[in-house]
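In what follows, a structure is listed as structure tokens, so that the remarks can point back to it.
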Amino acid sequence: MSQLSESQSFSFRTDLIVRRSDTRSATVVGGLFVSHVTYETIIPLVNEAFDAFLESHSWSKANIAGANIIIPKMEAEYRSEAKAGDILEFALGISNLGKKSCELLVKATNKKSGEEVAFVKIALVFFDYVSKKTLEIPDSFRAKFSS
69 MSQLSESQSF SFRTDLIVRR SDTRSATVVG GLFVSHVTYE TIIPLVNEAF
119 DAFLESHSWS KANIAGANII IPKMEAEYRS EAKAGDILEF ALGISNLGKK
169 SCELLVKATN KKSGEEVAFV KIALVFFDYV SKKTLEIPDS FRAKFSS
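Below you can see the structure in the form of structure tokens.
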């Protein structure tokens, strides 16, 4: 996996509490019991933060500035454990605005310890489901996130 770049400013932040259902538990080699967020459980938390980001702009996944998106690629780096009860700050920002796509960057940090829990990069491609073709990024979206 490529090294994810963090040289991006994050325009939106939201806090989420890690629930027990967001963790997986196991007894590992040596008999140690562990319970923390895993690769499969960070995705719903990122999705919830993405929904809050969209809602902050009066958008939804079904209508982002008058368009739809598809998500063809997602990369995640896990950097430290998060356990039930931890409060994670999710910082989100848009980068690499192209003609028809961009990247959503998401950084999750444990509010108490300050440790970064995960860094996620999601490719967003604007798409017309009727014609089954990609679309140019809407002007209003581009205006919000152009440097």
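Numbering (my numbering), first residue to last: 69 to 215. Glycine included, every Cβ here is placed at the ideal spot set by N, Cα and C. The model shown is predicted, which means the values in this text are computed figures rather than measured ones.
Just the C-alpha distance for residue i and residue j, rounded to the nearest angstrom, thanks.
{"i": "Glu183", "j": "Glu171", "result": "23 Å"}
{"i": "Ser70", "j": "Gly134", "result": "Since pLDDT at Ser70 reaches only 44, below the 50 mark, its modelled position is unreliable, and no value is offered."}
{"i": "Ser214", "j": "Lys141", "result": "22 Å"}
{"i": "Phe209", "j": "Ser77", "result": "17 Å"}
{"i": "Ser36", "j": "Leu84", "result": "Lying before the first or after the last residue shown, residue 36 is absent from the chain, which here runs from 69 to 215."}
{"i": "Thr91", "j": "Ser126", "result": "30 Å"}
{"i": "Phe101", "j": "Leu122", "result": "37 Å"}
{"i": "Leu72", "j": "Ala144", "result": "Low confidence applies to Leu72: its pLDDT is 48, below 50, so where it sits in the model is not reliable, and the reading given next is rough at best. Distance between the alpha carbons of Leu72 and Ala144 is about 8 Å."}
{"i": "Ala117", "j": "Gly98", "result": "36 Å"}
{"i": "Ile155", "j": "Gly161", "result": "20 Å"}
{"i": "Asp119", "j": "Ala94", "result": "30 Å"}
Have a look at the options and flag the residue whose alpha-carbon is nearest the alpha-carbon of residue i.
{"i": "Val96", "options": "His104, Ser89, Asp90", "result": "His104"}
{"i": "Lys175", "options": "Ser89, Ser93, Ile190, Gly98", "result": "Ile190"}
{"i": "Thr109", "options": "Lys168, Ala152, Ala130", "result": "Ala152"}
{"i": "Pro206", "options": "Asp154, Arg88, Lys167", "result": "Lys167"}
{"i": "Ser219", "options": "Leu165, Lys201, Thr82", "result": "Residue coverage of the chain in this structure runs from 69 to 215, which leaves residue 219 outside it and unanswerable."}
Three-state secondary structure (DSSP) at residue i?
{"i": "Lys200", "result": "coil"}
{"i": "Arg81", "result": "strand"}
{"i": "Lys179", "result": "coil"}
{"i": "Arg92", "result": "strand"}
In the DSSP assignment, what are the bridge partners of residue i?
{"i": "Phe187", "result": "Glu145, Lys175"}
{"i": "Ser214", "result": "In the DSSP output, where bridge partners are listed per residue, Ser214 has none listed."}
{"i": "Phe195", "result": "Asn136, Thr202"}
* To do: Identify every run of the beta strand (DSSP E) within the stretch 105-166, keeping only runs that are complete inside it and at least 3 residues long; order them along the chain.
  => 136-146, 155-163
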